[in-house]
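Numbering (my numbering), first residue to last: 16 to 171.
Structure, rendered in structure tokens:
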């Protein structure tokens with residue numbers, strides 16, 4: 016799992032803008048499986064995982080259901096908590112000063128997750144005004160891992 020956040024200072028259309036921190040982290044030690052997967056859910060949960068590249072051609076993989084994307088909906092709440100915990104780890108490590116945050120730029124695939132994350136941030140004392148939470152979910156859609164880069168380009 017790789018939650019990513021960008022906490023930015025300043026936003027100027029005509030002047031130089033600055034982003035102090037862009038971070039991502041992986042949680043290989045967390046006892047969680049993949050949220051997004053390709054193939055049969057039961058096959059993905061097994062060991063070893065057989066993916067579409069393990070088939071002789073794409074048609075064989077498609078016929079076997081190995082090229083169908085899926086999502087483990089039951090894990091999504093854990094993903095939000097992991098992402099928020101990551102921001103608080105940055106604060107605890109002294110790499111992020113909550114008083115210096117002007118914008119919260121983060122990828123989420125649904126506005127429901129924005130609400131959940133915002134509530135967890137507020138409970139922990141990290142309050143960014145809602146008009147300073149930037150998303151392009153409604154203009155670009157869920158573009159996955161490209162989202163932080165596209166959002167930063169749009170914000171600045």
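Ideal placement from N, C-alpha and C gives every residue a C-beta, glycine not left out.
How many Å lie between residue i and residue j at the Cα?
i	j	result
residue 126	residue 147	15 Å
residue 85	residue 113	36 Å
residue 16	residue 118	Here residue 16 scores only 36 on pLDDT, less than 50, and its place in the model should not be relied on; the value that follows carries that caveat. Answer to the nearest angstrom: the Cα atoms are 23 Å apart.
residue 131	residue 141	13 Å
residue 94	residue 164	20 Å
residue 108	residue 102	10 Å
residue 122	residue 161	9 Å
residue 145	residue 104	22 Å
residue 155	residue 65	32 Å
residue 149	residue 120	5 Å
residue 166	residue 70	36 Å
residue 139	residue 68	43 Å
Measure the beta-carbon distance from residue i to residue j and round it to whole angstroms, keeping in mind my assumption that it falls under 8 Å.
i	j	result
residue 169	residue 151	6 Å
residue 143	residue 106	So it is not a contact: roughly 13 Å between Cβ atoms.
Counting C-beta neighbours from all protein chains within 10 Å, is the total for residue i 16 or more, i.e. buried, or is it exposed?
i	result
residue 18	Residue placement at residue 18 is poorly supported in this model, since its pLDDT is 44, which falls under 50; the coordinates still yield a value, given next. Burial call: buried.
residue 153	exposed
residue 76	buried
residue 111	buried
Sufficient close CB pairs (3 or more, under 8 Å) joining the segment 96-105 to the segment 75-83: When Cβ pairs closer than 8 Å are counted between the two stretches, the segment 96-105 is seen not to touch the segment 75-83, the count staying below three.
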